[in-house]
Amino acid sequence: MKSWLLGAACAALILVAGCGSDPDGSGGSAGDGLEIVVIPKGTTHEFWKSIHAGAKKAERELNAAGQPVKIIWKGPLKEDDRDEQIKVVENFIGREVDGMVLAPLDENALVRPVETAGKAKIPVVIIDSGLQSDKYASFVATDNYVGGRMGGEHLGELLGGKGNVLMLRYAVGSASTTKREEGFLDAIKEKYPDIKVLSSDQYAGATRDLAYTASQNLLSRYGNELNGVFCPNESVTVSMTKAIRDLGKAGGNVKIVGFDTSVQSLRDLEAGDVQGLVVQNPIRMGYLGVKTLASHISGAKVEKRIDTGVAMVTKENMSEPEIQELLNPPLEEYLGEGN
Amino acid sequence: MNLAQLGSRDFLKAVRPFVGLFMVLLLFAMDAELRSLFFKGGNFKTILTQTVIVAIGAMGMTLVIVSGGIDLSAGSLVALCSVVTAKLIEHGHGLAAVLALTVLVGGLAGLANGGIIAAFRMMPFIVTLGMMGIARGISKWLADNQTVNPEVPLESVNSLMDKSQSPLTFFPLPDGVWLALGLAVVMTVVLRSSVFGRYVFAIGSNEDTARLCGIRVNANKIAIYALAGAFFGLAGVMQFSRLTQGDPSVAIGLELQIIAAVVIGGASLSGGAGSIPGSVIGAFMMACLANGSSIKDWPNYMQEIIIGVVIILAVGMDKVEPMLQRFIRRGK
């Protein structure tokens with residue numbers, strides 16, 4: 299008897315909590331439209347919020363075009379926890395959604411869940427990072443090799459086709475940055491044969507601190523003859539810039555081209571210490587992920603690999619509206635003030 | 006001291022986890038959208054599969070908590086053993102050897118826990134907190150700071166938690182689910198009816214009395230922690246099977262989920278109370294809540310709050326019931 303009373307109290311509480319948290323008032327029945335779940339790697343970083351905004355943008359467009367779609371945004375309960383992400387995929391297979399857009403946390407661990415979705419006739423579009431399987435409808439992501447090439451060409455142009463450069467790699471086993479590094483080296487080799495690559499076999503490691511130490515080590519050896527540097531990700535860019543500033547060669551003495559943005563690297567770009575940043579387009583990734591899935595579900599043939607493009611941001615073009623949209627994505631427009 | 010009566014509390018306490026689970030299911034059934042989404046064979050298979058790791062861990066943890074201790078190294082040991090499983094598969098071992106050796110590694114870590122606790126009369130909280138760091142560190146070292154993906158996968162281990170063949174029907178259940186159910190039956194009998202099980206309750210109820218009664222408290226404590234470690238080792242094999250890789254950073258905070266399952270299942274952190282079926286139901290109930298709020302599309306923060314509230318409610322019933330009883334009596 300008493301247990302029942304308490305149970306009822308508990309039930310009421312959960313109900314109230316559930317109802318109170320309905321964001322769009324769409325919690326009722328699913329309706330006739332497509333139900334698409336978008337599963338990021340985490341939910342708090344700005345990168346994923348931009349993906350969310352892109353998915354919302356696609357939802358709005360599809361609804362306006364008379365193809366009703368409901369987007370469910372569901373990240374793993376713990377950020378970057380593979381098992382939690384597998385649970386989310388499994389739960390939505392159980393819900394029998396019409397399709398999934400997934401940014402896999404691991405190229406191996408998520409293979410089986412994605413294949414399980416295939417067995418349940420739920421198509422999956424992979425975004426952001428690759429998967430060691432071909433059981434998906436499409437892979438919508440930045441072409442990191444092209445991004446690396448863009449960085450190489452920009453640096454070659456800055457140096458006028460001659461001089462000494464070096465590249466500090468990110469971390470062993472990181473697929474996306476390895477592609478960028480390959481792209482950079484190929485671009486230099488093919489287009490600027492007079493540029494000499496002093497070093498391209500050193501790894502920075504996963505944290506800014508490690509990257510800073512590795513940068514200092516490289517600079518103490520090559521600092522005097524160096525004209526340009528390529529950094530394949532955000533942490534390496536920031537740390538290398540700091541190390542070059544310590545050396546007194548910042549401000550264009552040594553040209554730096556980096557990848558991705560952060561508050562610090564944009565500040566360095568504005569100050570003239572960094573001459574270019576290759577920037578990805580997460581809004582477009584979320585947008586194209588949903589759009590591709592929707593057209594796959596409606597029976598159209600979609601490309602197995604879709605590139606979401608990169609842009610070169612420099613001090614000169616950073617105030618242009620298109621670049622501004624990349625640097626300060628209009629999240630409020632799609633996600634509301636709550637996000 | 007009557008060994009047979011220890012731990013057998015009144016009927017109401019024994020059925021409480023079941024009542025709690027029933028309330029959760031009832032709650033989901035009341036919601037029109039969830040009713041159609043949640044109560045499906047395929048979804049229950051998913052929930053059962055997601056329960057396996059916590060449930061197997063909870064069996065070991067129940068022994069420890071009933072004996073008045075705690076084991077905070079559970080999550081790290083699961084991660085360590087998932088890496089050990091991956092390494093053993095890389096070395097070409099078969100299913101039986103992988104299972105036996107991984108469980109042995111877990112058991113040895115547990116033996117170290119129990120040995121230190123018994124020999125130096127140290128607090129289990131501190132010793133296992135230390136082991137939590139040690140095991141996490143060793144697993145990262147062993148795995149060279151990255152995930153371990155065996156070049157040639159061992160299908161028999163991978164299929165333990167595989168339900169990809171028929172995702173939308175309840176049967177066939179993965180082998181891991183059957184293994185967990187079988188172990189739950191065995192451990193229920195062990196804890197309720199074996200001499201060892203009675204000793205566990207006796208030590209948890211009052212260690213000094215147990216010692217005076219002639220129970221070899223230290224030897225039993227070592228056995229309890231070693232057995233718990235073996236269960237965490239088995240949970241580690243299951244964790245490997247879910248990820249199909251050894252991941253040194255997996256299962257962070259899993260020990261707290263396991264402890265919550267055991268406590269929801271009616272165990273007392275001061276020892277002397279708890280049951281295997283209760284703990285397993287506790288684990289299942291938490292998986293149901295997580296699954297339900299996930300497919301219902303409640304935001305993640307709401308899910309975390311709800312599970313927190315349920316843990317406090319489940320344990321708080323102990324205290325609130327007598328108060329309510331008094332209140333109702335006064336009202337009359």
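If you read the sequences in order, they're chains A and B. With the working numbering applied, the first sequence covers 299 to 637. With the working numbering applied, the second sequence covers 6 to 337. In this text, a Cβ means the ideal position worked out from N, Cα and C, and glycines have one as well.
### Task
Look at the Cβ atom of residue 234 of chain B, then the Cβ atom of residue 111 of chain B, and state whether they are nearer than 8 Å.
Taking the first residue of the second sequence as 1, we reach residue 234 of chain B at position 229. Taking the first residue of the second sequence as 1, we reach residue 111 of chain B at position 106. Residue 111 of chain B is positioned such that its CB atom lies closer than 8 Å to that of residue 234 of chain B.
### Where residue 551 of chain A falls, given that 16 or more other Cβ within 10 Å makes a residue buried
The residue given as residue 551 of chain A occupies position 253 in the first sequence. Classification for residue 551 of chain A: exposed.
### Proximal residues of chain B, C-beta to C-beta of residue 386 of chain A below 9 Å
As a working mapping, residue 386 of chain A is identified with position 88 in the first sequence. Those are 299, listed as they occur along chain B.
### Query
So, using beta-carbon positions, are residue 71 of chain B and residue 279 of chain B closer together than 8 Å?
For the purposes of this step, residue 71 of chain B is taken as the residue at position 66 of the second sequence. For the purposes of this step, residue 279 of chain B is taken as the residue at position 274 of the second sequence. Less than 8 Å separates the beta-carbon of residue 71 of chain B from that of residue 279 of chain B.
### Task
Identify whether residue 333 of chain A lies in helix, strand or coil by the three-state DSSP scheme.
Counted from its first residue, the first sequence places residue 333 of chain A at position 35. Here DSSP, grouped into helix, strand and coil, assigns residue 333 of chain A to strand.
#### Entry: Chain-ordered chain B contacts of residue 372 of chain A [CB-CB under 8 Å]
Translated into the one-based positions of the first sequence, residue 372 of chain A becomes position 74. By Cβ distance, chain B contributes 299, 302 and 305.
### Message
For a test of the three-state rule: what should DSSP assign to residue 44 of chain B, helix, strand or coil?
### Response
Counting from 1 along the second sequence, the entry for residue 44 of chain B is found at position 39. Reduced to three states, the DSSP call for residue 44 of chain B is coil.
### Task
Take the Cβ of residue 335 of chain B as the centre, count every other Cβ of all protein chains shown within 10 Å, and call the residue buried at 16 or more, exposed below.
For this step, residue 335 of chain B is matched to residue 330 along the second sequence. Under this definition residue 335 of chain B is an exposed residue.
### Whole-angstrom distance between residue 452 of chain A and residue 488 of chain A, CA atom to CA atom
For the purposes of this step, residue 488 of chain A is taken as the residue at position 190 of the first sequence. For the purposes of this step, residue 452 of chain A is taken as the residue at position 154 of the first sequence. So the two alpha carbons sit approximately 14 Å from each other.
### Task
Output the boundary residues of the beta strand (DSSP E) element that contains residue 465 of chain A.
Numbered from its first residue, the first sequence carries residue 465 of chain A at position 167. Segment 461-467, the beta strand (DSSP E) holding residue 465 of chain A.
### Query
What distance in whole Å lies between the Cβ atoms of residue 255 of chain B and residue 87 of chain B, which are believed to be in contact at a cut-off of 8 Å?
Residue numbering aside, residue 87 of chain B sits at position 82 when the second sequence is read from its first letter. Residue numbering aside, residue 255 of chain B sits at position 250 when the second sequence is read from its first letter. At roughly 6 Å, the Cβ-Cβ gap stays under 8 Å, so residue 87 of chain B and residue 255 of chain B are in contact.
### Message
Check this for me: beta carbons of residue 521 of chain A and residue 399 of chain A, under 8 Å apart or not?
### Response
Here the question's residue 521 of chain A lines up with position 223 in the first sequence. Here the question's residue 399 of chain A lines up with position 101 in the first sequence. Cβ distance not < 8 Å, so residue 521 of chain A and residue 399 of chain A don't count as in contact.
### Query
Should residue 168 of chain B go down as buried or exposed, given a rule of 16 or more other Cβ atoms within 10 Å for buried?
Along the second sequence, read from residue 1 onward, the residue named residue 168 of chain B stands at position 163. Residue 168 of chain B should be labelled buried.
### Message
Using only the alpha-carbon positions, how far apart do residue 122 of chain B and residue 63 of chain B sit?
### Response
For the purposes of this step, residue 122 of chain B is taken as residue 117 along the second sequence, with counting starting at 1. For the purposes of this step, residue 63 of chain B is taken as residue 58 along the second sequence, with counting starting at 1. In this structure, the alpha-carbon of residue 122 of chain B lies about 20 Å from that of residue 63 of chain B.
### Query
Along chain A, which residues have their Cβ under 7 Å away from the Cβ of residue 247 of chain B?
Sequence index remark: in the second sequence, residue 247 of chain B carries index 242 (1-based). At a beta-carbon threshold of 7 Å, the residues of chain A lying near residue 247 of chain B are 381 and 384, ordered along the chain.
### Query
Comparing the C-beta of residue 180 of chain B with each C-beta of chain A, is any distance below 8 Å?
On the second sequence, position 175 is the one that residue 180 of chain B refers to. No, residue 180 of chain B does not count as interfacial toward chain A.
### Task
Using a Cβ-Cβ cut-off of 8 Å, state whether residue 375 of chain A counts as contacting chain B.
On the first sequence, position 77 is the one that residue 375 of chain A refers to. Chain B contact via Cβ: present.
### Counted within 10 angstroms of its Cβ, other Cβ atoms place residue 166 of chain B as buried (16 or more) or exposed
Looking up residue 166 of chain B in the second sequence gives position 161. Looking at its Cβ environment, which holds 16 or more other Cβ atoms inside 10 Å, residue 166 of chain B is buried.
#### Entry: Min CB distance residue 341 of chain A to chain B below 8 Å
One-based indexing of the first sequence puts residue 341 of chain A at position 43. At least one chain B Cβ lies under 8 Å of residue 341 of chain A.
### Query
Cα-Cα, which of B:149, B:306, B:294 and B:266 is closest to residue 60 of chain B?
On the second sequence, residue 60 of chain B is found 55 positions in, with the first residue counted as 1. Answer by Cα proximity: B:266.
### Task
Tell me, please, which residues DSSP counts as bridged to residue 330 of chain B.
Your numbering for residue 330 of chain B matches position 325 in the second sequence. Partner(s): none; residue 330 of chain B has no beta bridge.
### Within-8 Å CB hit, residue 424 of chain A to chain B
Within the first sequence, the letter at position 126 stands for residue 424 of chain A. So no, residue 424 of chain A is outside the interface.
### Query
What first and last residue would you give for the beta strand (DSSP E) that runs through residue 494 of chain A?
As a first step, residue 494 of chain A is located in the first sequence; it is residue number 196 there, counting from the start. Run containing residue 494 of chain A: 493-501, per the beta strand (DSSP E) assignment.
### Query
For residue 460 of chain A, which of A:438, A:484 and A:494 has the nearest alpha-carbon?
In the first sequence, counting from the first residue as 1, residue 460 of chain A sits at position 162. Cα-wise, what sits closest to residue 460 of chain A is A:494.
### Task
In angstroms with no decimal places, state the Cα-to-Cα distance between residue 321 of chain A and residue 472 of chain A.
Here the question's residue 321 of chain A lines up with position 23 in the first sequence. Here the question's residue 472 of chain A lines up with position 174 in the first sequence. Below a pLDDT of 50, predicted positions are generally treated as unreliable, and residue 321 of chain A, at 40, falls in that range; no measurement from the model is reported.
### Task
Output the distance between the C-alpha atoms of residue 25 of chain B and residue 317 of chain B, rounded to the nearest integer angstrom.
Within the second sequence, numbered from 1, the residue matching residue 25 of chain B stands at position 20. Within the second sequence, numbered from 1, the residue matching residue 317 of chain B stands at position 312. Each residue's Cα considered, the two are about 12 Å apart.
### Query
Within the 8 Å Cβ cut-off, does residue 471 of chain A reach chain B?
What you label residue 471 of chain A is simply residue 173 of the first sequence in a count that begins at 1. Yes, residue 471 of chain A counts as interfacial toward chain B.
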